[in-house]
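Working notes for the structure below.
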Amino acid sequence: MGNMKEPPFGSTIVMEIPISCGFPSPAQDSKQSPLDFNKLLIHHPSSTFCLKAKDSSLTIFDINKGDLFIVDASLVPQKNDLIVVDFEGVITVKKLIKHNGTLFIEDTEGKVPMKESIHIKGVICSIVRNIR
Amino acid sequence: MKGLCDCNSFFASCERLFRPDLIGRPIVVLSNNDGCIVALSKEAKIQGITRGTPYHQVKETLDLMHCAVFSSNYTLYQDISDRVMDVLSQNVYNMKPYSIDESFFTLPEYMSPQKLRATMTQYTGIPVTIGIARTMTLCKVANYTGKHRADGTFVLKESDEKAILQKTPIEEIWGIGRKKSELLHHFGITTAYQLMEKDDLFIKKKLSITGLATVMELRGTPMISIEQNETKSCCSGISFSHPMTSREELEVAISCHAQTLSDKLINKGLSCQKIGLNIFTNRFQADFLSPYGTTVLDEPTDYTPTIISAAKQILAKIYCPGQYKGCRIWALDIQQNKGRQLDLFHSQSYARTMEKQDKISKVMDSINRKYGKGFVKSGAQMGKEKNDLMKRDYLSPFYTTQWKDIPKVILDE
């Protein structure tokens, strides 16, 4: 644009500016709705809730402070799942592990055998992390 | 077979959902304005606390029993209720919600009540009782029996009906109120079975035709049906945290409730053609005032500003000086938005206004959903926050509907 020449003095420029609707977009029929993160991350909305990590725990969980857990209560916990439990009156995150055929729940403190009184509230199916 | 799913101490169970420290502890939930006890947990019931008691009367007793006290968090209860109903509807046929914590349904043949109850409790975290029987009224009886059983379910078989109904006090029958129970006591009727044995004429005379329907249901003939979406009116109301005297003050309060009402209509996809407003002073004082007025709108609407100005119009008509304790505002003559009937003589410009109103309502609603209730509001509501109007000193977080309120977990102690 910078080196556009000025027209000579006195000359007339005729400009033809076509204004039309143009050719219809050939992609219009292929339009899809935008990516929906709810669909990606939440499979059972009525049994899913969120929790936020209040601190980091890098040793066994690789979790940062502020990570958002998406917890699905409808899933059946399997070994190596991160699970949310009511443990001694507190909601907390543990890892479900299997050792010599027995189930344990593990955290940084160590592992304890899984028992009836430990109530599993759900399985963490995704972790959302804001890295900035 | 028909079934009834009833959430156990629903409000208390919701409060407990993210507070495992409250498991086994007594809980009470207070009414709007922290006035009376509206709901309580089993543990509080056992200790002799009753529903309807003014909070200040039992405050010390509750403290002594280490009771957890909550203001009513209807945002939370409604969200959990929606989840409960959704999970239920995926597991049964023909679900018909009856209240925020109860729903009737038809049990599929392949599903056992125990399995249904286990699924409900696992998926939603809310303990429920399942009652199965031939009619809805008998389902209520089955539920009453199920509440006292360890597995929280009860199937009332036809062959067991007599034995169970002989043990069911009439006060517990669905549709028989306390007054009718007292009346029946005079005739020596104390159990459901005794009532069933009476002849139809006696029942119709003493309990009217609806009472007869109840008795027919007890005998095993389905008489009652619950139809969904039959909302005829919708109401928003509250008692104020302090008495209000000036019209300006009342206008702000009423505008807030007009907004709540309009939100309710928008969420349900309804419009109303008539607005009703009632303001009232203390019922127990000699100079009790409770003026009521209505106004008919030009067109059915769910548009907040229209509802607010209609409510203000009524206020101007009915206001007289007094110490007002509360207000109630109704949406009347309600209809579904789909196929809303426009007046034949309304011009195209009117249709355009409608479209614009629709857009504004939708935008306001979506902003409020994203950033929290009351984030954008109509100018009429300025000056006061709704929460200031209502005392909610013990409100729990909106655990499931607000980002800022989602529960936090500690990983390393």
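Protein sequences, first through last, are from chains A and B.
Okay, so the first sequence: first residue is 5 according to our numbering, each after it adds one.
Okay, so the second sequence: first residue is 547 according to our numbering, each after it adds one.
Here a beta-carbon is modelled for each residue, glycine too, at the ideal position from N, C-alpha and C.
A check of alpha carbon separations from Ile952/B across Asp90/A, Gly126/A and Cys54/A identifies Cys54/A as the nearest. For Val97/A, at least one C-beta of chain B is nearer than 8 Å to its own C-beta.
For Lys871/B, the closest alpha carbon among the candidates Phe826/B, Pro846/B and Tyr644/B is that of Phe826/B. Its chain contains Asn579, Leu935, Met936 and Lys937 as the residues whose beta carbon lies nearer than 7 Å to that of Ser787/B, once the 5 sequence neighbours on both sides are disregarded; these appear in chain order. Pairing Arg597/B with Ile583/B gives a Cβ-Cβ distance under 8 Å. In the displayed model, Tyr639/B falls within a strand according to three-state DSSP. In the structure shown, Val18/A adopts coil according to DSSP, grouped into three states. By a beta-carbon distance limit of 8 Å, Asn619/B contacts Ser942/B. Their separation comes to about 5 Å. Rounded to the nearest whole angstrom, the CA to CA distance from Asp66/A to Gln668/B is 27 Å.
In this chain, the beta strand (DSSP E) harbouring Ser649/B covers Glu648 to Thr652.
The DSSP-derived three-state label of Gly692/B is helix. Across the structure, Met769/B and Asp71/A are spaced so that their CA atoms are roughly 54 Å apart. One thing to note: Val798/B has its Cβ no nearer than 8 Å to the Cβ of Gln819/B. CA-to-CA, the gap between Glu795/B and Gln859/B works out to about 15 Å.
The alpha-carbon separation between Arg765/B and Ile735/B amounts to approximately 16 Å.
Within the same chain, Cβ atoms closer than 6 Å to the Cβ of Gln903/B are found at Tyr849, the five residues on either side in sequence being excluded. Pairing Asp59/A with Val955/B, the inter-Cα distance amounts to about 8 Å. DSSP links Trp949/B through a beta bridge to no other residue. Judged by DSSP in its simplified three-state form, Ser78/A adopts coil rather than helix or strand.
Around the C-beta of Phe41/A, fewer than 16 other C-beta atoms lie within 10 Å, and the residue is accordingly described as exposed. In the structure shown, His612/B falls within a coil segment according to DSSP collapsed to helix, strand and coil. The contact set of Gly671/B on chain A, defined by CB atoms closer than 7 Å, consists of Ala77 and Lys125 in chain order. Shortest Cα-Cα distance from Phe651/B to any of Ala877/B, Leu550/B and Lys744/B involves Leu550/B. Residue-level contact check: Asp90/A touches chain B, since one or more beta carbons of chain B fall below 8 Å from its beta carbon. Interface criterion met: the Cβ of Arg629/B is under 8 Å from a Cβ in chain A. Judged by their CB atoms, Ile821/B and Ile853/B are nearer to each other than the 8 Å cut-off. Among the residues facing chain B, Val132/A is not included, as its CB has no counterpart in that chain under 8 Å away.
According to the DSSP assignment, Lys43/A belongs to the alpha helix (DSSP H) that extends over Phe41 to Leu45. Taking 8 Å as the cut-off, the beta carbon of Pro81/A is found closer than this to the beta carbon of Ile124/A.
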